[in-house]
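Residue numbers (my numbering), protein chains in the order written: chain A, 1 to 217; chain B, 218 to 434.
Protein chains: 2
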Amino acid sequence: MEIKIMKNILDRNQNKADEVRSLMSTSNVLMVNIISSPGAGKTTLLERTCEELGSKFRIGVIEGDITTDRDARRLKKFDIPIVVINTEGGCHLDSHSISKVLDLFDLDALDFLFVENVGNLICPSQFDLGETFKLAVVSTTEGDDKPAKYPMLFREAKAVLLNKIDLIPYTNFNLENFRSDLRHINAGVPIFETSFTRGDGLESWFKWITRQVTALR
Amino acid sequence: MEIKIMKNILDRNQNKADEVRSLMSTSNVLMVNIISSPGAGKTTLLERTCEELGSKFRIGVIEGDITTDRDARRLKKFDIPIVVINTEGGCHLDSHSISKVLDLFDLDALDFLFVENVGNLICPSQFDLGETFKLAVVSTTEGDDKPAKYPMLFREAKAVLLNKIDLIPYTNFNLENFRSDLRHINAGVPIFETSFTRGDGLESWFKWITRQVTALR
C-alpha cells in the first residue's frame with residue numbers, strides 16, 4: 001500500500017520533471033540541482049560562483065529551505081533573480097514545487113538556474129527536479145565514509161565537490177579512502193577539492209561549470 | 218490524498234511507538250534516539266559513552282544505517298549487544314522497524330538502549346520510535362544557523378550536544394548566535410559543548426546521562 005503510493009508520487013514527480021527538463025532545454029538553461037548535508041557549503045558555493053561568473057553569465061537561483069529565507073538573504077547582494085521555496089517541514093524539493101515557481105523567472109534571459117535543495121543527503125537524491133544534472137557537495141568534517149554510507153546521491157551526481165579541505169589536518173579524514181569509495185560508486189566522476197575560505201579548487205570548478213554551460217549553445 | 222496517507226503512516230507509527238515506550242518503561246530501560254546530520258559524531262559519542270559507562274551500566278545499541286554496517290563495526294570492540302537496521306534507502310527509522318528487532322535484546326538485562334538514527338536532520342525527527350527522549354547532535358562545522366533552519370529536531374530534543382567545538386577557530390561559527398537561536402526554539406534545553414578529540418564537555422555529558430538512567434529506578 002505504502003509502496004504503491006510512493007510509486008505514484010515518484011511517477012507524478014517524474015512526469016513533471018520531464019516537463020521542466022524540456023523547458024530548460026528549449027531555453028538553453030543549465031539547471032543544477034545542488035544537494036548536500038546541512039552546512040556543507042551549498043550557499044557559499046553559490047556566493048563564490050555568483051562573484052566569479054555573475055558578470056559573464058546570467059544566473060538565477062531557487063533556494064529550497066524548510067522554514068527560513070536565510071540562505072536567500074545571503075545572496076541578496078547579487079543582482080540576480082532568487083526565489084525561495086519553503087517546504088514547511090518537507091525534506092526535499094520536488095518537480096511540482098519547481099514547476100510552480102518557474103513563471104517567476106524569464107528563462108530566456110538565463111544561462112544558469114542553480115537550485116539549492118534542502119540540506120539532506122538522502123531524500124533529495126530520490127526526486128528528479130528536471131535538472132540538467134545533480135551536483136553533490138560534501139565536506140571533509142562529515143568524515144571520509146559518506147559516499148559508502150549514502151551512495152544514492154554519489155551514484156547520481158555528475159560531479160562531486162569535496163569542501164573544507166583546509167580542515168583535513170584537524171580531523172581524521174582520509175582522502176584516499178574517500179576517493180576510493182567514490183570511484184567504486186561512480187567511476188570517473190570529477191571531484192573538486194575545495195576550500196571556500198582559502199580559495200582552493202575554485203578555479204577548476206569555475207572552468208568546469210563554464211564548460212558545461214557553453215556546451216549548451 | 219498524500220496528506221491522508223502520511224497521516225495514516227504517522228498514526229500507525231505512533232501506535233507502535235506507544236507499545237515500544239511501554240515495553241521500555243516496564244523493563245526500566247532508558248531508550249535514547251540520537252539524531253544528527255551525517256558525520257556530526259553520533260557513532261563517536263557512542264564509542265566514548267561505552268568506554269566510560271560500559272563498566273557501570275548495561276548498554277545496548279541499535280544502529281540505523283542505509284546500506285552498510287560500518288558504524289556497528291566501530292562498536293564491535295565493546296562487549297555489548299548491537300543490532301543493525303538497514304533502511305535500504307529509507308531516510309529514517311520508524312517504530313515498526315524498532316519493534317521488530319527488540320526480541321533480539323534481553324531488555325531486562327539493559328539499562329540503556331541507544332538508537333543511532335540515519336544521518337538526517339529532518340525526517341527522523343518526525344517519527345517517534347518509542348524512545349524515552351531524543352538527543353540532537355550537531356557539529357560546529359555545519360554552521361551556527363542549524364537550529365533556526367531545521368527547528369523540528371531542536372524543538373523536540375531533550376538535550377543538544379554541540380560537537381567539534383575544537384574546530385570553531387577555523388570556521389565562522391558564532392556560539393552566541395547558536396545559543397540564542399536555540400533558546401528561542403527550546404528554552405532551557407541543556408547544551409553539551411563537546412570535542413570528542415580533545416575531550417571537552419564529556420564529563421558533563423556522562424553525569425547528565427547517568428542522572429537520567431538512575432532516575433528510572
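All residues carry an ideal CB built from backbone N, CA and C; glycine is no exception.
In this text, all values refer to a predicted model and were calculated from it rather than measured experimentally.
Interface annotation, A:Thr132: not in contact with chain B, CB-CB separation never under 8 Å. Contact note: B:Glu359 reaches chain A through Pro38 and Gly39, using a C-beta cutoff of 7 Å and chain order. Counting only Cβ-Cβ distances below 7 Å, A:Gly89 has contacts in chain B at Met369, in chain order. Minimum Cα-Cα distance from A:Glu203 among the listed residues A:Leu53, A:Thr43 and A:Ser25 corresponds to A:Leu53. A Cβ-Cβ contact shorter than 8 Å links A:Asn186 with A:Phe154.
DSSP, read as helix, strand or coil, puts B:Ser356 in strand. For the set A:Lys100, A:Ser22, A:Arg73 and A:Ala109, the Cα lying nearest the Cα of A:Lys56 is the one of A:Ala109. DSSP places A:Ala159 inside the beta strand (DSSP E), whose first and last residues are Ala159 to Asn163. Under the DSSP assignment, B:Val430 falls in the alpha helix (DSSP H) whose first and last residues are Leu419 to Thr431. Looking at the DSSP output, A:Asp65 shares a beta bridge with A:Asn86. Residue burial is scored here from C-beta neighbours: B:Thr261 has at least 16 other C-beta atoms within 10 angstroms and is therefore classed as buried. Per DSSP, the continuous beta strand (DSSP E) segment holding A:Val32 begins and ends at Leu30 to Ile35.
Taking C-beta separations shorter than 6 Å and ignoring five residues to either side along the sequence, the partners of A:Asn28 in its chain run Leu216, following chain order. Non-local beta-carbon contacts of B:Leu399 in its own chain, meaning distances under 8 Å to residues more than five positions away in sequence, involve Pro364, Phe371, Val377, Val406 and Ile408 in chain order.
Cα atoms of B:Lys381 and B:Met241: separation of roughly 32 Å, rounded to the nearest angstrom.
Within the region 316-340 of chain B, Val335, Gly336, Asn337, Leu338, Ile339 and Cys340 place their CB atoms closer than 9 Å to a CB of chain A, listed in sequence order.
According to the DSSP secondary-structure assignment, B:Gly271 is paired through a beta bridge with no residue.
At a C-beta separation below 7 Å, A:Ser139 has these neighbours in chain B: Thr358.
Scanning chain A for C-beta atoms nearer than 9 Å to the C-beta of B:Lys233 yields nothing, as the closest lies near 14 Å away. The three-state reading of DSSP puts A:Lys134 in strand, counting E and B together. Between the beta-carbon of B:Pro341 and that of B:Ile252 there is about 5 Å, and that keeps the pair under the 8 Å contact cut. The closest CA to that of B:Val430, considering only B:Asp328, B:Ser397 and B:Ile297, is found on B:Asp328. Using beta-carbon distances, A:Leu23 does not count as an interface residue toward chain B, since no partner is under 8 Å. At a Cβ-Cβ threshold of 8 Å, A:Asp144 and A:Phe178 count as neighbours.
Under the three-state reduction of DSSP output, A:Phe178 falls in the helix class. Counting only the Cα atoms, A:Glu193 lies some 38 Å from B:Asp345. Here DSSP, grouped into helix, strand and coil, assigns A:Phe78 to coil.
Here A:Leu104 is exposed, its C-beta having fewer than 16 other C-beta atoms within 10 Å. DSSP lists B:Leu330 as the beta-bridge partner residues of B:Gly277. The three-state secondary structure of B:Ile339, taken from DSSP, is coil. Scanning chain A for C-beta atoms nearer than 9 Å to the C-beta of B:Arg287 yields Asp145, Ala148 and Lys149, reported in chain order. The criterion of a C-beta distance shorter than 8 Å is not satisfied by A:Ile59 and A:Val83. Distance from the CA atom of B:Thr388 to the CA atom of A:Gly41, rounded to whole angstroms, is 12 Å.
Using a CB distance cut-off of 8 Å, B:Ile252 does not count as an interface residue toward chain A.
Here B:Gly281 is actually not in contact with B:Val355; their C-beta atoms are around 18 Å apart, not less than 8 Å.
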